[in-house]
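Here is the structure we will look at, set down as structure tokens.
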Amino acid sequence: MRTFYPIVADLAGKRCLVVGGGRVAERKVGGLLEASAAVAVVSPLISDMIAAWEAEGRVTVVRREYTEGDAAGASLVFAATDKREVNERVYAEAVARALPVNVADRPDLCTFVVPAVIRSGPLLVTVSTSGTSPMASARIRDRIEESLGEGLDRFLEFTAEYRLSVHNKVSDPGLRRKLLAELFSDEALDAVKAGDWGSFRSRMLAQLNEA
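Numbering-wise, the sequence shown is residues 6 to 216 according to my numbering.
Put into structure tokens, the structure is as follows:
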């Protein structure tokens with residue numbers, strides 16, 4: 006089994022090509038839009054959702070079959086058509102151009118795989134089985150999401166502000182570490198999961214003021 010190197014990429018404003026317009030392509034486009042990529046779709050037919058994104062100006066669609074040269078200038082390439090021969094041609098062009106490429110349902114034709122993702126504000130959690138079982142990745146992702154609970158995005162916003170305040174107001178390195186360690190303790194995460202971390206937040210602010 007191949008071993009992949011995990012990496013989180015900044016795709017904001019980067020051209021990413023999706024060849025195909027069905028449900029699988031739609032999922033790829035949706036994930037790219039969440040990363041603020043500049044998405045180009047090449048397909049004679051597209052799903053209603055992709056058409057809606059196009060109408061909103063979020064996606065560029067070329068309504069025709071894929072032709073060699075479509076991958077030029079792309080940062081990532083996805084092949085998600087129901088035609089094996091087309092997907093293989095997309096893969097061949099991407100490899101020839103040294104571009105990262107993912108071919109749906111063909112792990113042997115992927116130079117990268119897309120993990121199952123949890124997004125909560127600045128938090129990004131990914132789960133991958135190295136392309137061997139996307140369904141297993143999704144189920145494990147769901148279990149992790151259940152264990153985290155809701156409200157994590159607001160908690161992380163608070164921690165970012167608190168961490169900055171600690172560095173600005175507390176000069177003692179040991180006391181800094183103590184305050185930050187308590188901020189990310191199991192007690193804090195349990196309070197977030199329970200949906201009630203207001204008292205914990207108040208206590209942390211009081212400790213900072215005392216410090």
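All residues carry an ideal CB built from backbone N, CA and C; glycine is no exception. These numbers come from a predicted model, not from an experiment.
Please list the terminal residues of the continuous beta strand (DSSP E) segment that includes residue i.
i          : result
residue 20 : 20-24
residue 83 : 81-84
Cα separation between residue i and residue j?
i           : j           : result
residue 184 : residue 151 : 27 Å
residue 196 : residue 155 : 10 Å
residue 25  : residue 51  : 7 Å
residue 94  : residue 21  : 17 Å
residue 106 : residue 186 : 40 Å
residue 179 : residue 189 : 16 Å
residue 164 : residue 209 : 10 Å
residue 100 : residue 161 : 39 Å
residue 115 : residue 202 : 43 Å
residue 191 : residue 47  : 47 Å
residue 78  : residue 67  : 15 Å
residue 211 : residue 181 : 14 Å
residue 119 : residue 139 : 9 Å
residue 90  : residue 148 : 37 Å
residue 42  : residue 200 : 33 Å
residue 18  : residue 34  : 14 Å
residue 44  : residue 10  : 24 Å
residue 92  : residue 86  : 6 Å
When DSSP builds the beta bridges, which residues end up paired with residue i?
i           : result
residue 125 : 128
residue 45  : 22, 65
residue 106 : 82
Quick check on the DSSP output: the alpha helix (DSSP H) that includes residue i runs from which residue to which?
i           : result
residue 193 : 191-199
residue 34  : 28-39
residue 58  : 53-60
residue 73  : No alpha helix (DSSP H) holds residue 73; DSSP gives it neither H nor E.
residue 91  : 89-101
residue 210 : 203-215
Is the closest heavy atom of the ligand HEM to the C-beta of residue i under 7 Å?
i           : result
residue 185 : As far as ligands go, the structure on display features none, and thus does not contain the ligand HEM.
Of all the alpha helix (DSSP H) runs that stay within the bounds of the region 133-184, which reach a length of 4 or more residues? 139-153, 157-174
Check whether the region 169-184 touches the region 134-152, counting contact only when three or more Cβ pairs, one atom from each stretch, lie closer than 8 Å. Using a C-beta cut-off of 8 Å, the region 169-184 makes no contact with the region 134-152, since fewer than three inter-stretch Cβ pairs fall below that distance.
Touching or not, the region 52-61 and the region 73-83, by the rule of three or more beta carbon pairs under 8 Å? Three or more beta-carbon pairs separated by less than 8 Å are not found between the region 52-61 and the region 73-83, which leaves the two stretches without contact.
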